[in-house]
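Report on the structure given below.
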Amino acid sequence: MTSVLVQTPGAAISARGGQLIVETKAGQHAVPLGHVTELIVVGNARISTAVIVDLAGRGVPVHVQARAGSVPFSVLGNVEGQVEALRAQVLAPAEARLRAARALVRAKVVNSAWVLRRLRCGVLDVPDIEAAGDEDALRGVEGAAARQYFAALAAALPGWEFGGRAYRPAPDPVNAALSFAYMLLLGQARVAVARAGLHPGLGTLHVPPGRRPALALDVMEPFRGPVCDLTVASLLRSGQLRVDGFEVRGGEVRLGAAGCAVVADAVAQRVAVWGVMGALQRQVRAVQRAWAGEEGSCWVWAPPVRA
1058 MTSVLVQTPG
1068 AAISARGGQL
1078 IVETKAGQHA
1088 VPLGHVTELI
1098 VVGNARISTA
1108 VIVDLAGRGV
1118 PVHVQARAGS
1128 VPFSVLGNVE
1138 GQVEALRAQV
1148 LAPAEARLRA
1158 ARALVRAKVV
1168 NSAWVLRRLR
1178 CGVLDVPDIE
1188 AAGDEDALRG
1198 VEGAAARQYF
1208 AALAAALPGW
1218 EFGGRAYRPA
1228 PDPVNAALSF
1238 AYMLLLGQAR
1248 VAVARAGLHP
1258 GLGTLHVPPG
1268 RRPALALDVM
1278 EPFRGPVCDL
1288 TVASLLRSGQ
1298 LRVDGFEVRG
1308 GEVRLGAAGC
1318 AVVADAVAQR
1328 VAVWGVMGAL
1338 QRQVRAVQRA
1348 WAGEEGSCWV
1358 WAPPVRA
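Numbering (our numbering), first residue to last: 1058 to 1364.
What follows is the structure in structure tokens.
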């Protein structure tokens, strides 16, 4: 099974004879449509309606990014809305939402600490998350932990001019790579939310402006550090991702084509080996149960290996 990334400017994507065909000036590449698990298009490419119709009919998502690291537009396939699930999402009590949000933040912090242990680059203090009395206070706790975490992560990446998380525009290669990895994970989270029949814009923790997929951002929180941060840091430290994998445009650092391919391949491998798609779907169901007020704590994902 294959996650297909297309990022060559002017590439033409079509479907013929049961094959997904990607044509560029360098030649032609074909993948059996039945083997495609997702299609990711970055930048200016042409895609035929036949490809979208065929993949949608198979339930295979198509994610389109204007550039590496931007929020993807997604065609999620045949996902039928579930009225009862949507009603429960809209009517979930404030305390139930807060309970789910606390669980997600706690998992994010614990898993971030796992990343630092894995990289041997510091210790992260786990705050008293239960003391956060509302979502605003919880976001404050999360932000403080994130600043401490990224400061420690920066120590693991000397020479990369990384001083902490920053984006729009990304000021350095580390942030550019992290943004791209997060958008790859966000595509998976959006699929998990849609398959549960939920609205992606109505979250339990994030309250982003505009039409950003708040719920998908919520459920991916426990996964960010192990799936994205650890992957990017490992690529940089091993030399698999080098300075020549990036480019600067208009004062913004971006991943180039080679860098995108390296990060996408590594994230896809991590997702496959750890069963992240299934885990994201389980995470969504756990949030739904928390909203419904079911007894017990909200299940949260943890890396399947020791630090």
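Glycine included, C-beta positions come from ideal geometry on N, C-alpha and C.
*asked:* How far does the alpha helix (DSSP H) with V1319 in it extend, from its first residue to its last?
replied: First-last of the alpha helix (DSSP H) with V1319: 1314-1331.
*In or out: T1288 buried (at least 16 other Cβ within 10 Å) or exposed?*
The residue in question, T1288, is buried, as its Cβ has 16 or more Cβ neighbours within 10 Å.
*What is the rounded straight-line gap between the Cα of G1051 and the Cα of A1227?*
Here the chain covers residues 1058 to 1364 and nothing more, so residue 1051 does not appear.
*Using the Cα positions of T1081 and A1234, report the straight-line distance between them to the nearest angstrom.*
25 angstroms
_Residue range of the beta strand (DSSP E) that includes P1089_ = 1084-1089
*Which partner residues of A1069 appear in the DSSP bridge assignment?*
E1080, R1103
*Short Cβ contact (7 angstroms threshold) for S1060 with T1094*: yes
_Residue(s) in a DSSP beta bridge with R1196_ = According to DSSP, R1196 bridges with nothing at all.
_According to DSSP, residues forming a beta bridge with Q1122_ = Answer by DSSP bridge pairing, in chain order: V1099.
*DSSP state of E1278, grouped into three classes?*
helix
*Pull up the distance between the alpha-carbon of Q1326 and that of V1357, whole angstroms please.*
21 angstroms
_Using only the alpha-carbon positions, how far apart do L1337 and V1264 sit?_
Their backbone Cα atoms lie some 20 angstroms apart in a straight line.
_Top-ranked residue by Cα proximity to A1087, from G1260, V1099, G1100, A1069_ = Among G1260, V1099, G1100, A1069, the Cα nearest to that of A1087 is on A1069.
_Cα-Cα separation between R1154 and R1115, rounded to whole angstroms_ = Straight-line Cα distance between these residues: approximately 33 angstroms.
*Would a C-beta distance cut-off of 7 angstroms place A1209 and L1173 closer than the cut-off?*
yes
*Between which two residues does the beta strand (DSSP E) carrying S1131 extend?*
S1131 -> beta strand (DSSP E) spans 1130-1132.
*Can you check whether the CB of A1157 is closer than 7 angstroms to the CB of T1261?*
Between T1261 and A1157, the CB-CB gap stays under 7 angstroms.
*Would you mind reading off the limits of the alpha helix (DSSP H) that contains V1305?*
First-last for V1305: 1303-1306, but that is the beta strand (DSSP E), not the alpha helix (DSSP H).
*Near V1053, which residues of its chain fall below 6 angstroms by C-beta distance, leaving aside the five closest residues on each side in sequence?*
Given a span of 1058 to 1364 for the chain in the structure shown, any question on residue 1053 remains unanswerable.
*Please report the Cβ distance between D1229 and Q1205, rounded to the nearest whole angstrom; I am assuming they are in contact, meaning their Cβ atoms lie under 8 angstroms.*
About 19 angstroms separates the two Cβ atoms, so there is no contact after all.
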